[in-house]
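Following: one structure in structure tokens, then a few remarks.
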Amino acid sequence: MKNGKKAKSWFVIIIGDNERRGPFEVTQRAFILSIVCLMVVFTVIAAGSSWLCSRPYITSNKGLADELADARQSIELISREKESFSEEIKKLKTEIATPPEKRNDIVPGEGKGEITLATAKNDTAVEPKPFVSVEEIQIAYDEGEEKLKVRCTIKSQRIDERYVSGYVFIVLNPAPDSPALCKTSPVVELAGGFPRSYEKGEKFSIARFKYIEGVFPSISDRKKYTSVSVLVYADDGTLRLKKKLSL
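Going by the working numbering, the sequence shown opens with residue 4, and the numbers climb by one from there.
Right, dumping it as structure tokens:
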């Protein structure tokens, strides 16, 4: 090997058993470039190995995050139910402490915004006390999918926790000056703003509560609708509860 000082290079001669190969000139720049290339290759290999090793952990962390979000939502629902039960206990204590002659003067559902029309099939009979309540109404609109979702909770008002049953409709009401039509979930033909057949509603049979969800597709403009109504019918077709909420 011969060292060229001025050119900063080396001459390499390879001598084998039968022949001589070379000389080959290796410059300092080429030598440094080779080292840099090797370092880059090793770095890329190390980074790729690290990513492949950490990928399962990333997926696992995402799954844990989703489970944590679901758990938080469940905790929130439980907290709301606890508050609701506390209010019901206070009401029961108040009713127990109220003399019997004054109990008839109390109007159920007053102050909650619940419209207890409770009309029968011919809309003439009136039932003063609803057997369920509609609470925790949530409305969400997906502009991308043009879809509106309404979710609420049907809670039994019985003290003895015996099962109550009936049918539920969620009605999407258009604005007075809107050309849009009234929509229902489940889908049913309306007459005067009420379902023609109450038995086409969503059936429920509960001792405590049940979640009800209505999905309304093809809602291109949410401003065409102003309110949502929840109608609750008894098994005999009596309208026991109507609750209306503005959008």
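No residue lacks a Cβ here, since even glycine has one placed at the ideal position from N, Cα and C.
Given the structure is predicted, the values throughout are model-derived calculations rather than measurements.
The closest CA to that of VAL191, considering only ARG75, PRO182, SER181 and LEU175, is found on LEU175.
Under the three-state reduction of DSSP, VAL191 is assigned to coil, being neither helix nor strand. Taking the Cα of TYR236 as reference, the smallest distance to any Cα among LYS94, CYS185 and VAL137 is reached at VAL137.
The beta carbon of ARG225 sits closer than 6 Å to those of TYR144, all from its chain and outside the five residues before and after it, given in chain order. Taken in chain order, the whole beta strand (DSSP E) runs of length 3 or more contained in the stretch 148 to 198 are 150 to 159, 167 to 177 and 186 to 188.
Under the three-state reduction of DSSP, GLU139 is assigned to strand.
Non-local beta-carbon contacts of PRO177 in its own chain, meaning distances under 8 Å to residues more than five positions away in sequence, involve ALA183, LEU184, CYS185, LYS227, TYR228 and THR229 in chain order. Rounded to whole angstroms, the gap between the alpha carbons of ILE81 and GLY196 is 35 Å.
Looking at the DSSP output, LEU244 bridges to VAL235.
Annotation for GLU146: no beta strand (DSSP E) segment contains it, and DSSP assigns it neither H nor E. For GLY217, the enclosing beta strand (DSSP E) begins and ends at 212 to 219. SER230 carries a strand assignment under DSSP once its states are collapsed to helix, strand and coil. Separation of VAL43 and ALA49 (C-alpha to C-alpha, rounded to the nearest whole angstrom) is 10 Å. ILE209: member of the beta strand (DSSP E) spanning 205 to 209, first to last residue.
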